[in-house]
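Peer 1: Chains as they are written, first to last, in our numbering: chain V, 1 to 119; chain W, 1001 to 1428. Think of the CB as a built atom: it goes at the ideal place given N, C-alpha and C, for glycine as much as any other residue.
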């Protein structure tokens, strides 16, 4: 009868150990509430021109561009040009906004240094 | 080659007093019957009238066509020399449609005409604008660029004309700009329009510097123009399209007839121009603003110091057709080694050239002045001269462009390198 008591004891301890282990491995409730952090999207600077026929709708087109993902920086009404930034993958969507003539990436210009012979 | 003539003569009459011209013609030739184009429907002469013995006068052209005998020709020549309301006379020529291909006759004619011109050139003294460009440019009171472009002799000063220079700003403390009408605006976040680089001050000096600077030589063209100094490039010389376009918007809204942009980014063969800058250029022209930009400085052969052959293409954004692209010449009127050329057929042409080597102009204090080179220096020469034409003619936009092109000095250099030629100040 001693053997049976011992093996029962061992089994109970094993169950406790396994149960404890299972409980500690179970995903905690807090993980389900806080998702993993998002990856940062690449943004680019763009210049957008409005077709001549649509110059008087600049404001509406600007709003539609914002909806399409553009963060408007400047609205140049005489030129019919809007500048701003947009996530790279959303750039093509900007061209599809009605009234948009061209969408171009902002280019940067760099002069030769002031002490250069040729400027 | 004998020039084929009809026996009739073309006579130039004064447009402002055609009647006096016709009377002078009658007096000189004895021909009383003068037919006027205005007598015919739509001013269309009948061929029988043109072939007749009377003088036929094209009212709108100020030209008469008339058969003359040698005595009459001589009388008219005398009247021309005496400036008696008859301005010029030349034989009426027979002309033919141009053939495709070059016939032996054509080549002979071409050779004979060229020989004739050479003989004439040898006999006549070189005068006028050709003289000015070839003369030794050693006048110590003005820069070589102002002499070569005829600014020195020009009666204009850019009075009443607003000139925008979009660059690194202006040294607003420079004594040479004291008392001038200056609007300055920065389009660079965190930086004022005050120029801490130098490039902008140098370009504004060339375009609009004073007729009497604090120290000789004179280096500036439109000395009475209203200066609009737009800072679209940082003190470190960099900028982006958004600041440049904002500067252009400001300049057009401010009523600037001329916008000078000595800035650009390199292009490669096969590149096309920016549709946006082309649209912006067209907007500017329609609004009475002419944008003048540098052709770029990427064509030096680093191994020889000479010019690459072929050169590198015209820079962005000057390569847009509606912007004037300016190349650089030295004081021998040769193309500067660094000056880009017309390579890309889709836009990208050099339109005109200006002095761009060893150009002396203003520089931020305390240095005050500096000589540097670049298509950046040629560009404000064209801009300053454009202001002179704007003042002299009242022309704006595309019409102003035409004045610059029409009166430029043609050179014996490829148009792909110098466009129409060396910009010249108005003689008006």
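For chain W, check one thing: does any of its Cβ atoms lie closer than 8 Å to the Cβ of residue 57 of chain V?
Peer 2: no
Peer 1: Using three-state DSSP, classify residue 1324 of chain W as helix, strand or coil.
Peer 2: strand
Peer 1: Taking the C-alpha atoms as reference points, what is the distance between residue 1412 of chain W and residue 1353 of chain W?
Peer 2: Taking the Cα positions, residue 1412 of chain W is about 13 Å away from residue 1353 of chain W.
Peer 1: Relative to the alpha-carbon of residue 1209 of chain W, which residue among W:1036, W:1226, W:1365 has its alpha-carbon at the smallest distance?
Peer 2: Out of W:1036, W:1226, W:1365, W:1226 has the C-alpha closest to the C-alpha of residue 1209 of chain W.
Peer 1: Give the straight-line distance between the Cα atoms of residue 1287 of chain W and residue 1198 of chain W, rounded to the nearest whole angstrom.
Peer 2: Their backbone Cα atoms lie some 30 Å apart in a straight line.
Peer 1: Do you know whose CA, among W:1314, W:1425, W:1077, lies nearest residue 1029 of chain W's CA?
Peer 2: W:1077
Peer 1: Mark residue 1365 of chain W as exposed unless 16 or more other C-beta atoms lie within 10 angstroms of its C-beta, in which case mark it buried.
Peer 2: Classification for residue 1365 of chain W: exposed.
Peer 1: Considering Cα atoms alone, identify which of W:1345, W:1371, W:1053, W:1018 is closest to residue 1206 of chain W.
Peer 2: It is W:1371.
Peer 1: Can the beta-carbon of residue 1325 of chain W be found closer than 8 Å to that of residue 1350 of chain W?
Peer 2: yes
Peer 1: To the nearest angstrom, report how far apart residue 1239 of chain W and residue 1293 of chain W are at their CA atoms.
Peer 2: 15 Å
Peer 1: What is the rounded straight-line gap between the Cα of residue 1082 of chain W and the Cα of residue 1026 of chain W?
Peer 2: 16 Å
Peer 1: Out of W:1253, W:1168, W:1046, point me to the one whose CA is closest to residue 1200 of chain W's CA.
Peer 2: W:1168
Peer 1: I want to see whether chain V comes within less than 8 Å of residue 1204 of chain W, judged by CB atoms only; does it?
Peer 2: Chain V contact via Cβ: absent.
Peer 1: I'd like the list of long-range same chain contacts for residue 97 of chain V, defined as Cβ closer than 8 Å, with 5 residues on each side in sequence excluded.
Peer 2: 61, 64, 65, 68
Peer 1: Quick check: the Cα distance between residue 1005 of chain W and residue 1153 of chain W, rounded to an integer number of angstroms?
Peer 2: 40 Å
Peer 1: Compute the Euclidean distance between the alpha carbons of residue 1245 of chain W and residue 76 of chain V, then round it to the nearest angstrom.
Peer 2: 8 Å
Peer 1: Could you tell me whether any Cβ in chain W is nearer than 8 Å to the Cβ of residue 30 of chain V?
Peer 2: With a pLDDT of 46 at residue 30 of chain V, under the threshold of 50, the modelled position of this residue cannot be trusted; read the value that follows with caution. Cβ-Cβ to chain W under 8 Å: no for residue 30 of chain V.
Peer 1: Give the single residue among W:1359, W:1043, W:1089 whose Cα lies nearest to the Cα of residue 1065 of chain W.
Peer 2: It is W:1089.
Peer 1: In the segment 1311-1327 of chain W, which residues sit with their C-beta less than 7 Å from some C-beta in chain V, listed in chain order?
Peer 2: 1316
Peer 1: Less than 8 Å between the beta carbons of residue 1264 of chain W and residue 1344 of chain W, yes or no?
Peer 2: no
Peer 1: Could you tell me which chain V residues have their CB closer than 7 Å to the CB of residue 1253 of chain W, listed as they occur along the chain?
Peer 2: 78
Peer 1: Quick check for students: name the residue ranges of the alpha helix (DSSP H) that lie wholly in the segment 1135-1210 of chain W, counting only runs of 4 or more.
Peer 2: 1144-1148, 1199-1208
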